[in-house]
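Residue numbering for the sequence shown follows the numbering used here, beginning at 21 and increasing consecutively. Virtual Cβ for every residue (Gly too), placed ideally from N, Cα, C. In what follows, a structure is listed as structure tokens, so that the remarks can point back to it.
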Amino acid sequence: MPSSTPPVPAKLREMLKDYPGHIERLQEVLNHSVERSRRVPLMPFDDAISALDGRLRTFIMEARAELADAEKSGDPTAIAQAKEKERLISFARSRNIGMAEIDDLWEYFNVNFAGQG
Numbered sequence: 021m022p023s024s025t026p027p028v029p030a031k032l033r034e035m036l037k038d039y040p041g042h043i044e045r046l047q048e049v050l051n052h053s054v055e056r057s058r059r060v061p062l063m064p065f066d067d068a069i070s071a072l073d074g075r076l077r078t079f080i081m082e083a084r085a086e087l088a089d090a091e092k093s094g095d096p097t098a099i100a101q102a103k104e105k106e107r108l109i110s111f112a113r114s115r116n117i118g119m120a121e122i123d124d125l126w127e128y129f130n131v132n133f134a135g136q137g
């Protein structure tokens, strides 16, 4: 069974470096995914990808709420920051950008769950 925690993919860590709380929340869902896979190891890597995707969707919803609040405030700086955050998180969730480089996560599951999914 896994000897360590699964890594948040390096590309996502790089993209979200200004949002350490988001990286921690991604780590939480990956850890939860590993625990779930210990009980029912059907497709652990796919489960982890699904968990990351779900959490990134949550981040997008939160960013959109922040943008709506910023727009209500009328503060151009807050609006620009909120738009940039939403854009960044959307890119992080993209299978062509942030979620395109997940080899480190694949390697973790390949080593720790070989033959289990």
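query = Should Ala68 and Leu87 be called a contact, given that it needs their Cβ atoms to be closer than 8 Å?
reply = Not closer than 8 Å, so no.
message = Please return the same chain residues whose Cβ sits closer than 8 Å to the Cβ of His52, not counting the five positions on each side in sequence.
response = The beta carbon of His52 sits closer than 8 Å to the beta carbons of Ala71 from its chain, once the five residues preceding and following it are set aside; these are given in chain order.
inquiry  = Does Glu32 come out as helix, strand or coil in the three-state DSSP assignment?
reply    = Residue identity differs from the one stated: residue 32 is Leu in this sequence, not Glu. DSSP places Leu32 in helix when its eight states are reduced to three.
Burial state of Phe111 (16 or more Cβ within 10 Å) = Within a 10 Å sphere around the beta-carbon of Phe111 sit fewer than 16 other beta-carbons, which makes this residue exposed.
message = Once DSSP output is grouped into helix, strand and coil, what is the label at Lys37?
response = Three-state DSSP puts Lys37 in coil, outside helix and strand.
task = Check whether the segment 114-125 touches the segment 81-101, taking contact to mean three or more Cβ pairs, one atom from each stretch, closer than 8 Å.
result = In short, these stretches do not touch, since the Cβ pair count stays below three.
task = List in chain order: all unbroken beta strand (DSSP E) runs of 3+ residues lying wholly within the segment 92-116.
result = List check, beta strand (DSSP E) in window: nothing returned.
inquiry  = Which of the three DSSP states is assigned to Met21 in this structure?
reply    = For Met21, the predicted model reports a pLDDT of 48, less than 50, meaning its position is unreliable; a value from the coordinates is still stated below. Three-state DSSP puts Met21 in coil, outside helix and strand.
key: Close Cβ partners of Glu91 (< 7 Å) along its chain, the five nearest in sequence each way excluded   = Within the same chain, Glu91 has close Cβ partners Ile99.
query = My guess is that Arg45 and Arg75 are in contact by the Cβ rule of under 8 Å, so how many angstroms apart are they, rounded?
reply = Contact between Arg45 and Arg75 holds, with the beta-carbon distance rounding to 6 Å and staying under 8 Å.
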